[in-house]
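What follows is a short report on a single structure.
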Amino acid sequence: MRVLFVCSSGMSSAIAVNALQKEGAKNGIDIDVLAVGTQEFEDEVKNGWDIAMVAPQVRHRFDYLKAFADEVSVPCALIQAQAYSPLGGPKLLKQVQELLSK
Numbered sequence: 001m002r003v004l005f006v007c008s009s010g011m012s013s014a015i016a017v018n019a020l021q022k023e024g025a026k027n028g029i030d031i032d033v034l035a036v037g038t039q040e041f042e043d044e045v046k047n048g049w050d051i052a053m054v055a056p057q058v059r060h061r062f063d064y065l066k067a068f069a070d071e072v073s074v075p076c077a078l079i080q081a082q083a084y085s086p087l088g089g090p091k092l093l094k095q096v097q098e099l100l101s102k
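The numbers in the UniProt record's numbering rise by one with no breaks, and the one at position 69 of the sequence shown is 69.
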């Protein structure tokens, strides 16, 4: 599973990235996760990602980011605020899995 995170600079998502990878490992799921800033998103979303997840702090840019993801048929969703934390791995994995199963 390939998950692209987008936040303001690509740095603040590190905690959520680690939480998602740890939760995936606990459940036997191999997850490739990359965090990028909003500036890199347009180019990176074209690189074969299964889903794009938008961090809460850039939700004001969601429609703009989703439009780029839609162009390349990559599902795009806002990360639930309670999942965007060091302890949010289970909620984040559940959200990603639910979105990919649609």
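Glycine is no exception: its CB is placed at the ideal position from the N, C-alpha and C atoms.
As the structure is a prediction and not an experimental result, all values here were calculated from the model.
A straight line joining the alpha-carbon of residue 17 with that of residue 84 spans about 9 Å.
About 6 Å separates the beta carbon of residue 79 from that of residue 55, a gap short enough to meet the 8 Å contact definition. Taken atom to atom, the span from the alpha-carbon of residue 61 to that of residue 24 is near 28 Å. Secondary structure note for residue 37: its beta strand (DSSP E) is the uninterrupted segment 32-37. Taking residue 100 as the centre and dropping the five residues before and after it, the same chain places the C-beta of 1, 50, 51, 75 closer than 8 Å to its C-beta, in chain order.
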